[in-house]
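Going by my numbering, the first residue of the sequence shown is number 2, and it counts up by one from there. Don't be surprised by glycine CBs; every beta carbon is placed ideally from N, CA and C. The structure presented is a predicted model; accordingly, all values stated were derived computationally and were not measured. Take a look at the structure below.
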Amino acid sequence: MNKLYTLLQKIKENPVIYIDKPSITCLHSFLTGYLSSLITLGFTTIGSCGIEGFQEWIQERAKTNLTQSWAEIILSYSGSERAAFNRFFEEFEQFLKQKDDSKSQNSEGISRLSEDMRFPRFDIYNEILTNIKKRPGMYLGANSPITILDMRLRGYSLARREVGVPPTEPEREFEGFQSWIEEKYGINSGQSWSKIILFYSVDEHEALQKFFELFEEYLNRNKSVDVDENSG
């Protein structure tokens, strides 16, 4: 059974664990981070796998040549994020049934869903305040940027854990951001850092800007603590 297919089934059965809610946008962003992480680590390539061609298959079914991801296409004719999430799994099952290459379907290799899932090959945690902050639209798109960032970070980290890659220093540092946000806002509801920031923002775009400010404050706070400890 394809590893990516197995992960998708787990997400289908319990989306809250992985992506907070049944949302096609969250699913797409999570998978982008997950698969691009594996590609960066060299555990897979952009080559063929059981899901290769899904983007083109969706475009053909929708009779569209527009530059949209499979997630955006499915959302356009589903009416809501939840309906599109459920529709994805129906479409994906049909796609697999119609796929001729049975060997590819059963492969243990993992590849990205399609060419629409491009993501730069770098340590995402180390680049949040540089590349992503400078050009958020390029990396996160125009819609729901803070949610997309959160989902990609989750997928990125899950992939690294699955293949047994130790967390990088920036990744370990980021692990404390959640508890820091909860303490800063006095919230202990189990909500993710992105949801907490979004709750105190007008919209996703303002929340993303706040995230950059808060994350920088968090990093500077840690540096101050380190300086105080070294001085003492």
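query, result
"Given 8 angstroms, three or more beta-carbon pairs between the stretch 24 to 34 and the stretch 143 to 153", "yes"
"Selection from Thr169, Glu174, Ser38, Tyr19 that minimises the alpha carbon distance to threonine 148", "Tyr19"
"Proximity winner among Ile40, Ile188, Tyr78, Phe96, relative to alanine 160 (alpha-carbon distances)", "Ile40"
"Phenylalanine 216, buried or exposed, once every other Cβ within 10 Å from all chains shown has been counted against 16", "buried"
"Coil, strand or helix - alanine 143 by DSSP", "coil"
"Straight-line Cα distance separating proline 146 from aspartate 204", "10 angstroms"
"Inter-residue CB distance, tyrosine 126 and isoleucine 133 (contact presumed, cutoff 8 angstroms)", "With 8 angstroms as the limit, tyrosine 126 and isoleucine 133 do not qualify as a contact, their Cβ atoms being about 10 angstroms apart."
"Three-state class that DSSP yields for serine 81 in the structure shown", "coil"
"Candidates Lys196, Ser180, Glu163: closest to serine 38 by CA position", "Glu163"
"C-beta contact flag for leucine 199 and alanine 208 at 9 angstroms", "yes"
"Distance, isoleucine 59 Cα to threonine 33 Cα", "17 angstroms"
"Inter-residue spacing [alpha-carbon to alpha-carbon] between phenylalanine 55 and phenylalanine 178", "36 angstroms"
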